[in-house]
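Residues in the sequence shown are numbered from 1 upward in steps of one, following the UniProt record's numbering. What follows is a single structure, written as structure tokens, with notes after it.
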Amino acid sequence: MTITFTLLHESEFCLFGSVIPSESEAPPVFIFTANPVPKAILDAPQGIPKKKELPFTVPVTPVCLKKSKVYAMSLDVKDGEKCLTQKEIHGFGFPASAASDWKRVTEVQPFSFDDRDQLLLKKKEENVKKVKLDWILILKSKIMKEEARKLQKAAQFKARAADVLHKKPFQLQPSEYRLTDPRLCELRTERRAKAKQNKK
1 MTITFTLLHE SEFCLFGSVI PSESEAPPVF IFTANPVPKA ILDAPQGIPK KKELPFTVPV
61 TPVCLKKSKV YAMSLDVKDG EKCLTQKEIH GFGFPASAAS DWKRVTEVQP FSFDDRDQLL
121 LKKKEENVKK VKLDWILILK SKIMKEEARK LQKAAQFKAR AADVLHKKPF QLQPSEYRLT
181 DPRLCELRTE RRAKAKQNKK
């Protein structure tokens, strides 16, 4: 039994849910329309508090001496009556006398460490002499001295004898072989072929 079918048109081959655009409908054209600028943009910013203007700092040199001074109460007698008075002191636990009144104990004199360094060097040399050297160290010192002597001897300049003054000058000699004479030339391949034949 034969089954008949009808061939669909191209316009009917479309995805499910898609709409076939018609040729008569043209796409909409966008037309720009200018709107007026809002007035709030041109006004000053709103909602921001005004900046506080701080007063300018006036430089004042601090009176360090007055701040560093300490006052202590002391009992004095004035007109036959006892009274408390404040006296300036440098600090609690320090003497009341000023620093300028102190006497120098050390006497300023020129000095140098040369004598001390020489004395220490002598002591070091004496201690080195007291220590006995091992036979290996003695042998090494002898070898080093011998090497130093050889190097010093090799470094000395030694002039060669002037033999060039007595010799004859260089003379060109003719070649033993003539350029026209052909020489025998044998390739390696020929040698190998001969060797193979001899082996057989």
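Cβ atoms here follow ideal geometry from the backbone N, Cα and C, with glycine treated the same way. Remember, predicted model here, so these are calculated numbers, not experimental data.
query: For Leu-84, which residues from the same chain have a beta carbon less than 8 Å from its beta carbon, with the 5 sequence-adjacent residues on both sides left out?; result: Met-73, Ser-74, Leu-75 and Asp-76
query: What does DSSP give as the partner residues of Lys-122 in its beta bridges?; result: Its beta-bridge partners do not exist; DSSP assigns none.
query: In terms of residues, what are the limits of the alpha helix (DSSP H) holding Arg-160?; result: Looking at the DSSP string, Arg-160 is not in any alpha helix (DSSP H), and its letter there is neither H nor E.
query: Roughly how many angstroms separate the alpha carbons of Phe-170 and Leu-179, rounded to a whole number?; result: 24 Å
query: Nearest-angstrom Cα distance between Glu-190 and Asn-198?; result: 12 Å
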